[in-house]
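So for the sequence shown, this note's numbering puts the first residue at 4; every next one is plus one.
The structure appears right after this line, and notes come after that.
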Amino acid sequence: MGEAWSELSAALLPLSAPPTGRGWNHVDMATLLGDKPRRPAAVLVGLREGVQPRLVLTVRTDHLQDHAGQVAFPGGRSDPGDADAIATALRESEEEIGLSRSLVTPLGFLDRFETISGYCITPVVARIEPEARLYPAPAEVAEVFEVPLSFFFEPANLRRYTMEFRGHRRDMVEFIHGGHRIWGATAAMVFNLLQRMGRA
């Protein structure tokens, strides 16, 4: 698979041991949301195979109730019929960007992440075959775009800042690529990947 793929795979939580329990940012979220149960969700941190892996991201449509207009990974709330987080991520990716699950190979997991909207997300990292055709579902996704994984490895492309939310100051990270602002939960999950790879 190449050096980048080997480095990536070695950094992930294995498929045989999916993450459970609270998100890695639970202490921060508990300050804002308390300890009430979080709703389970999953996203696909999909990397299209090629000379350099490319991270597949979406821009959410402006009319959605949660995180409208933001850059996001394909994914969403777990349904009762989903066997596990992988099933959720694959189902949502098929619905949102037309990604056939036959062209996806799950590799492992990142640490769980809690969102301000009350979800606990399990990020499923997977390899996407190069021939996969992606079609945004207009009701949910305005655009699909890809960013080389190597872009995130460059320290100059990571911006740290502090924002105030409900009277609390929060340390944040973001990336700007091709006019897209990657921030919030999506940037935090990318940063978790970089940390696990020893790149941050």
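Even glycine gets a Cβ: it sits at the ideal position worked out from N, Cα and C.
Shown here, methionine 192 sits in a helix according to DSSP, grouped into three states. Tyrosine 138 is positioned such that its CB atom lies no closer than 7 Å to that of alanine 44.
For glutamate 6, the uninterrupted alpha helix (DSSP H) run begins and ends at 6-14, by DSSP. Non-local C-beta neighbours of arginine 41 in its own chain, meaning closer than 7 Å and more than five positions away in sequence, comprise Glu117, Gly121, Tyr122 and Cys123, ordered along the chain. Threonine 165 has Asp174 as its beta-bridge partners, per DSSP.
Counting other Cβ atoms within 10 Å of its Cβ, alanine 13 stays below 16 and is therefore classed as exposed. For phenylalanine 148, no alpha helix (DSSP H) segment is defined; the enclosing uninterrupted segment is the beta strand (DSSP E) at 144-151. Closest in alpha carbon position to threonine 61, among Arg51, Leu36, Pro77 and Leu47, is Pro77.
For isoleucine 89, the enclosing alpha helix (DSSP H) has its first and last residue at 88-100. Counting the other CB atoms within 10 Å of its CB gives alanine 86 a total below 16, which places it among the exposed residues. Alanine 7 has its alpha-carbon roughly 13 Å from the corresponding atom of phenylalanine 154. Taking C-beta atoms as the reference points, valine 74 and isoleucine 185 count as a pair closer than 7 Å.
Cβ contact annotation for arginine 202 (same chain, cutoff 6 Å, sequence separation greater than five): Phe156, in chain order.
Excluding five sequence positions before and after proline 17, the CB atoms of its chain that fall closer than 6 Å to its own CB belong to Gly111, given in chain order. Taking a 10 Å sphere around the C-beta of valine 107, we find 16 or more other C-beta atoms and assign the residue as buried.
The DSSP-derived three-state label of alanine 203 is coil. Only residues of its own chain outside the window of five on either side were considered, and among them Leu60, Gln73, Val74, Ala75 and Phe76 have a CB closer than 8 Å to the CB of threonine 189, listed in chain order. When DSSP states are grouped into helix, strand and coil, alanine 135 belongs to the coil group. Within the same chain, and ignoring the five residues on either side of threonine 165 in sequence, the residues whose Cβ sits closer than 8 Å to its Cβ are Arg172, Arg173, Asp174 and Met175.
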